[in-house]
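Colleague: These protein sequence lines are chains A and B, in that order. Per the working numbering, the first sequence starts with residue 1, numbered consecutively. Per the working numbering, the second sequence starts with residue 784, numbered consecutively. Built from N, CA and C at the ideal position, the CB exists for glycine as well. First the structure, then my questions, so here it is.
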Amino acid sequence: MDDLIADFVAECREMLESLGGEIVAWEAQPDDRARLDSIFRFVHTVKGNCGFFEFPRLEALSHAAEDALADVRAGRRQADGALVSAVLAVIDRIGEMVDVIAAGQPLPEGDDAELIGGLAPGAEASVAAPVAVAIGEAKAATAATASPRTIRLSVELLDRVMSGVSDMVLARNELARRLRDSSTDVAVDGAFERLSGIIAEMRDAITRTRMQRIENLFVGLPRMVRDLSAELGKQVLVDVEGGDVELDREMIEMIRDPLTHIVRNAVDHGIERPAERLKAGKREIGLLSVSARQSGNQILIDICDDGRGIDGKRLAAKAVAAGLIEAAEAGRLSPREQFELMFEAGLSTAAQVTSISGRGVGMDVVRSNVERIGGIVEVDSRLGQGSRMTLRVPLTLTIIPALTVSIGSQHFAIPRSAIEEIVRANGDSVTLSQVGGAGVATIRGRRVPEVALADILGLPSSLSDEQRTLIVLRPAGGDVFALAVDKVHDHEELVVKPAAPAVMATGLYAGTTLADDGSPILLFDPAGLARVGGVKLESQERARGLVDVASASAERARVPVLLFRTLDGARRAVRLASVDRIEDVSGSAVQWGAGQLRVQLGEAILPLAGCDEPPPADVKLRMFRLSDGEAEIGLAFLEVIDMAEISGDIIPAELPGEVGGVALINGEPAELVDVHWLFARHRGTGRSSGGQAVCKLPGDDPWMQNMLRPIVENAGYRVVGTDSDEPADLVVAAAGTALPANDEARTIWLRSEPEANGSERSIYRYDRAGLMMALSAAAGGAK
Amino acid sequence: MNALLLLVTVAGQRVALPASAVESVVELDTLIPVPRAASHVAGLSALRSRVLTVIDCMRALELGATDVSDGIHEAAVVELDGHHYALLVDSVEDVVEARSDPAPLRAAMGRGWEAVSLGLVETDDGPLLLVDVAALIGGVEARAA
Chain A
1 MDDLIADFVA ECREMLESLG GEIVAWEAQP DDRARLDSIF RFVHTVKGNC
51 GFFEFPRLEA LSHAAEDALA DVRAGRRQAD GALVSAVLAV IDRIGEMVDV
101 IAAGQPLPEG DDAELIGGLA PGAEASVAAP VAVAIGEAKA ATAATASPRT
151 IRLSVELLDR VMSGVSDMVL ARNELARRLR DSSTDVAVDG AFERLSGIIA
201 EMRDAITRTR MQRIENLFVG LPRMVRDLSA ELGKQVLVDV EGGDVELDRE
251 MIEMIRDPLT HIVRNAVDHG IERPAERLKA GKREIGLLSV SARQSGNQIL
301 IDICDDGRGI DGKRLAAKAV AAGLIEAAEA GRLSPREQFE LMFEAGLSTA
351 AQVTSISGRG VGMDVVRSNV ERIGGIVEVD SRLGQGSRMT LRVPLTLTII
401 PALTVSIGSQ HFAIPRSAIE EIVRANGDSV TLSQVGGAGV ATIRGRRVPE
451 VALADILGLP SSLSDEQRTL IVLRPAGGDV FALAVDKVHD HEELVVKPAA
501 PAVMATGLYA GTTLADDGSP ILLFDPAGLA RVGGVKLESQ ERARGLVDVA
551 SASAERARVP VLLFRTLDGA RRAVRLASVD RIEDVSGSAV QWGAGQLRVQ
601 LGEAILPLAG CDEPPPADVK LRMFRLSDGE AEIGLAFLEV IDMAEISGDI
651 IPAELPGEVG GVALINGEPA ELVDVHWLFA RHRGTGRSSG GQAVCKLPGD
701 DPWMQNMLRP IVENAGYRVV GTDSDEPADL VVAAAGTALP ANDEARTIWL
751 RSEPEANGSE RSIYRYDRAG LMMALSAAAG GAK
Chain B
784 MNALLLLVTV AGQRVALPAS AVESVVELDT LIPVPRAASH VAGLSALRSR
834 VLTVIDCMRA LELGATDVSD GIHEAAVVEL DGHHYALLVD SVEDVVEARS
884 DPAPLRAAMG RGWEAVSLGL VETDDGPLLL VDVAALIGGV EARAA
């Protein structure tokens, strides 16, 4: 808000200053239309801003002046000397008030009625009333608390300075090279070092002048959402975070439209009407959160809503209807790929076109706008729970961290943001093969298309495929491919300039730059490389490429799994059907008990797998509650990665254990948890409460209650009193007492003497083995 | 009209470039080729920390190719739409004053020359063909398209 007020003050002062001459001229010539217009514009602007900032006094003044001037403009009134001086008095008063605001003080109470009255037709020209005394005092204070001095500069000028500094950096690099080549004396080197340091400092400073807080972008959002939701009859709460993240001025302008569009979409399509929300068990008020954060040299802007989410299937169906993809292809899409469809031109999920969005022009434009500045848009959504859009944009346009590589003797640069990993083609984890003339690299079991840079460029290279280095690239909005280069050199921060149209026409390059040795280097556009190299980015992405095709998995039953990360960081998957729900417990609920880790969940205690020792008491632990329909166990994990489906083969593990096998999930190998093994190992004690065998124990027998009961419970029974009405699977009674129920067969008689006398079916009560056998025999019969 | 013209030799012919378009005349030594670019783009070169896109005039005119494999080449540096280009020529001779406005030439020229011609200008050195720098930079492909 302070920023906005500062802007307002600066704007007012600027206008007042330029008005200075106009006012005098107008006074001399009240019928001068052009002067009248510029004064009218001033009071109009002031009025508009005052409403926003809640300066009622200023607003009333400017409003009155605007009314009077509007009459003059409309020809309803003649500008006479009285009106001119009244307006001038108002403008003077506005100027004084602006000074007070600039000093950060509240506007003093005061009465402007006299001034306003002076504007009325036929008023006396005696309005040079003394300004409120309070204002005069405040003005005196202004000088003392001078705010940081600022001037307004045109962005164009800043750009010129910026490009001048970039050139200076390059010139310095060249000078450095020349100095290295020729032997110079120490004094020259020293002077050069100093110059070098100053230039670096200057570059930092000038880069900062181009930075702007992203708040400028966010500040309009609450208002926009408010208007929009009112129009749509929805209730939306906006939560804006991270406004202090700084971003290149130009970048902010470039993402303004995409961001606005995404927010509008979220309010229009994402968040439901209050009634629908209540029906879905949500709060009436939808929550929209917009947050920005810096991550490395990228800015991430998240736009999350808790609305109805994106229906991937419907998107796919629409895409088929629109003829964008084949029906068969649509069936193979993973959820993420379905979401990606929304960026296709001419596709909208809105059932009907609204005035706000849903014309099917939009998301494709959003994506292309963001990609133009080297950014990415990511979508994530859960049907019924909401969706999240993430904009990733680079910090600045001009300086790009890049990797230099070479083919033969020529160097090229690849933007680092697109590089996933670098592997040697002859490494153990990599195999290269040719499939129908196309190169395929298998890197740790993941198949990616492989192209040789030398082939794309048509350059001679003496190296064979195996001698090269593979750079795994993920172009903006595309899937990965591997680029084989002869040699990888260095990471460099490059000042990138656009290349000439004749060079850009190749589609391969994103720009040119100068290396430290002064020779020009071409910077690749990874998406262009893929295109020219014949890698089908889009279809590759959809069809999951060769992995799916090879396993002909379209007909195979797909197994839905939950992909998660274990506490020690392994990527694992568990079949969705066996997960009952996910629980959050505190570390103190996990303890050693009877030979294994157990976790307390409310009333129940479950065996806990997935960790070897109790976590610290204050740490939150997340766990799956696995159920086989009867027993339950907990499986601790770090985080859920995704829901996925296994469509390929599952490679079984050599030895039985927690991991039953390995499968490719979302193109990466994941270990599949063997739930059967987990239950086989941990089961038995953690019975779920339903379907548990019931054992009746005489409630009035202390020995039975204190000594026997734990053993019986340990064997998996739920213990009730003899007088309970529940049908029991087992009854335990002391020999010689009356039978509490009529179920002879399921009764165990216990006697207190070691030797049996008469009653043949009784068991000595400290005959643990016999007792356990009887218990388990009865338990077996109970099932 | 007394505009200045830069007299250069391209493919053995003397032609004129508008001197106002030419920033400087340089000698290029190393050229970094641009793979997959149009054939008349001979490569990139650096001049005072600026990247120059080097245009082979012979190729642009479809009159063969300049041998750029070694040696030093003379080139005229021009700016077009914010990009700097170096036009490779056989040699740069002189700066002369134009004695007339360019007049259309009605004689049939070679196809390449035809495309870049701005007309004939009279100079003290006799009539010279005035070359359109932008058309030269656009190259054969652009004209074909």
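Mind the definition here: the region 694-711 of chain A touches the region 594-604 of chain A only if three or more C-beta pairs lie below 8 angstroms; say whether that holds.
Modeller: no
Colleague: Name, please, each residue of chain A whose Cβ falls closer than 7 angstroms to the Cβ of B:Ser807.
Modeller: What B:Ser807 touches in chain A: nothing, since even the nearest Cβ is about 16 angstroms away.
Colleague: Expressed to the nearest angstrom, what Euclidean distance is found between the alpha-carbon atoms of A:Lys783 and A:Ala693?
Modeller: Because A:Lys783 sits at a pLDDT of 40, beneath the cut-off of 50, its placement in the model cannot be relied upon, and the following sentence gives the value as read from the coordinates. The straight-line gap from Cα to Cα measures roughly 8 angstroms.
Colleague: Short of 6 angstroms in beta carbon distance, which residues of its chain neighbour A:Thr685, apart from the five on each side in sequence? Order them along the chain.
Modeller: Caution is warranted here: a pLDDT of 46 is assigned to A:Thr685, below 50, making its placement in the model unreliable, and the coordinate value is therefore given only provisionally. There are no such residues.
Colleague: Would you call A:Gln385 buried or exposed, if buried means 16 or more other Cβ atoms sit within 10 Å of its Cβ?
Modeller: Exposed is the label assigned to A:Gln385, since fewer than 16 other Cβ atoms lie within 10 Å of its Cβ.
Colleague: Would you say B:Ile815 lies against chain A (beta-carbon separation less than 8 angstroms)?
Modeller: By the rule that beta-carbons nearer than 8 angstroms mark a contact, B:Ile815 touches chain A.
Colleague: Checking contacts by CB at 8 angstroms: is A:Pro520 closer than that to chain B?
Modeller: It does: the Cβ of A:Pro520 has a partner Cβ on chain B nearer than 8 angstroms.
Colleague: Starting from A:Met623, follow its DSSP beta bridges and name the residues at the other end.
Modeller: A:Glu583 and A:Ala636
Colleague: Terminal residues of the continuous beta strand (DSSP E) containing A:Lys487?
Modeller: Lys487 to Val495
Colleague: Determine the DSSP secondary structure at B:Cys840, reduced to helix, strand or coil.
Modeller: helix
Colleague: Using three-state DSSP, classify A:Lys234 as helix, strand or coil.
Modeller: Here A:Lys234 sits in coil by DSSP.
Colleague: Please classify B:Thr849 as buried or exposed, where buried requires at least 16 other C-beta atoms within 10 Å of its C-beta.
Modeller: buried
Colleague: Give me the chain B residues within the contact set of A:Thr404, using Cβ-Cβ distance strictly less than 9 angstroms, ordered along the chain.
Modeller: Chain B residues near A:Thr404: none, gap ~13 angstroms exceeds 9 angstroms.
Colleague: To which residues of the same chain is A:Arg382 closer than 6 angstroms at the C-beta, ignoring the five residues directly before and after it?
Modeller: Gly309
Colleague: Secondary structure at A:Cys611, three-state DSSP: helix, strand or coil?
Modeller: coil
Colleague: A:Pro394 lies in the beta strand (DSSP E); which residues open and close that run?
Modeller: Gly386 to Pro394
Colleague: Do we get a CB-CB distance below 8 angstroms when we pair B:Leu912 with the residues of chain A?
Modeller: Not one beta carbon of chain A lies nearer than 8 angstroms to the beta carbon of B:Leu912.
Colleague: For A:Gly785 and A:Leu470, what's the separation of their Cα atoms in angstroms?
Modeller: The structure shown does not extend to residue 785 of chain A, since chain A is modelled only from 1 through 783, so no value can be given for it.
Colleague: Consider the Cβ of B:Arg842: report whether some Cβ of chain A lies at a distance smaller than 8 angstroms.
Modeller: no
Colleague: What residues in its chain sit with their C-beta under 8 angstroms from that of A:Gly587, if we drop five residues either side in the sequence?
Modeller: Pro614, Pro615, Pro616, Ala617, Asp618, Val619, Lys620 and Leu621
Colleague: Are any of the Cβ atoms in chain A nearer than 8 angstroms to that of B:Ala856?
Modeller: Rather than Ala, the amino acid found at residue 856 of chain B in this sequence is His. With 8 angstroms as the cut-off, B:His856 does not count as an interface residue toward chain A.
Colleague: Do A:Asp268 and A:Leu237 have their C-beta atoms within less than 8 angstroms of each other?
Modeller: no
Colleague: Quick check on the burial criterion: 16 or more other C-beta atoms within 10 angstroms. Buried or exposed for A:Lys279?
Modeller: By the 16-neighbour rule on beta-carbons within 10 angstroms, A:Lys279 is exposed.
Colleague: Using the DSSP secondary-structure output, state which residues sit across from A:His411 in a beta bridge.
Modeller: A:Ser406
Colleague: Where A:Tyr764 and A:Leu638 are concerned, what is the direct C-alpha to C-alpha distance, given to the nearest angstrom?
Modeller: 49 angstroms
Colleague: Please classify A:Pro449: does DSSP put it in a helix, a strand, or coil?
Modeller: strand
Colleague: Within 10 Å of its beta-carbon, does A:Met623 have 16 or more other beta-carbons around it, so buried, or fewer, so exposed?
Modeller: buried
Colleague: Just the Cα atoms here: how many angstroms apart are A:Ile199 and A:Val495?
Modeller: Linking A:Ile199 to A:Val495 through their CA atoms gives a straight-line distance of about 14 angstroms.
Colleague: For A:Val485 and B:Val817, I'd like the C-alpha separation in whole angstroms.
Modeller: Rounded to the nearest angstrom, the two C-alpha atoms are 16 angstroms apart.
Colleague: Ordered along the chain, which non-local residues of its own chain (more than five positions away) have a Cβ less than 6 angstroms from that of B:Ala794?
Modeller: Met841 and Leu846
Colleague: Would you decide whether A:Phe8 is buried or exposed? Buried here means 16 or more other CB atoms lie within 10 Å of its CB.
Modeller: buried
Colleague: Just mark A:Ala777 as buried or exposed, buried being the case when its beta carbon has 16 or more other beta carbons within 10 Å.
Modeller: exposed
Colleague: By the criterion of Cβ-Cβ separation under 8 angstroms, what are the contact partners of A:Lys497 in chain B?
Modeller: Val834
Colleague: Using DSSP bridges, identify the partner residues of A:Tyr717.
Modeller: A:Ala693
Colleague: Need the endpoints of the beta strand (DSSP E) that A:Phe564 sits in, please.
Modeller: Taken as a continuous stretch (DSSP letters only), the beta strand (DSSP E) holding A:Phe564 covers Val559 to Arg565.
Colleague: Shortest alpha-carbon distance to A:Val377 belongs to which of A:Leu259, A:Asp248 and A:Ala510?
Modeller: It is A:Leu259.
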